[in-house]
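Encoded as structure tokens, the structure appears first; notes follow it.
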Amino acid sequence: MTDYTTVSIPKDLAERVESTIEGTSFSSTSDLVRFLLRSIVIQHQREGKLTEAQFEDIAEQLADLGYLDR
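All letters in the sequence shown, in the order written, are residues 1 to 70 by the UniProt record's numbering.
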């Protein structure tokens, strides 16, 4: 069995995520967050180190998709 922890995000962001994932394969905000974090960690592991520029590129992409406020 997998242990879990809680991550807090602002309620307004959670509401935006919930409306964004409607009609997608993500069944919850948690599903989306797990997917995004897993993607970032996998990229980091493949490249050995995530540079500030790469992190900014990821953040910009997420902002463009409406997942982050910039």
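No residue lacks a Cβ here, since even glycine has one placed at the ideal position from N, Cα and C. Just so it is clear, the structure is predicted and the values come from calculations on it, not from any experiment.
- When secondary structure is reduced to three states using DSSP, residue 22 falls in the coil class, being assigned neither helix nor strand.
- At the C-beta level, residue 44 and residue 50 come within 8 Å of one another.
- Straight across, the Cα-Cα distance linking residue 8 with residue 34 is about 13 Å.
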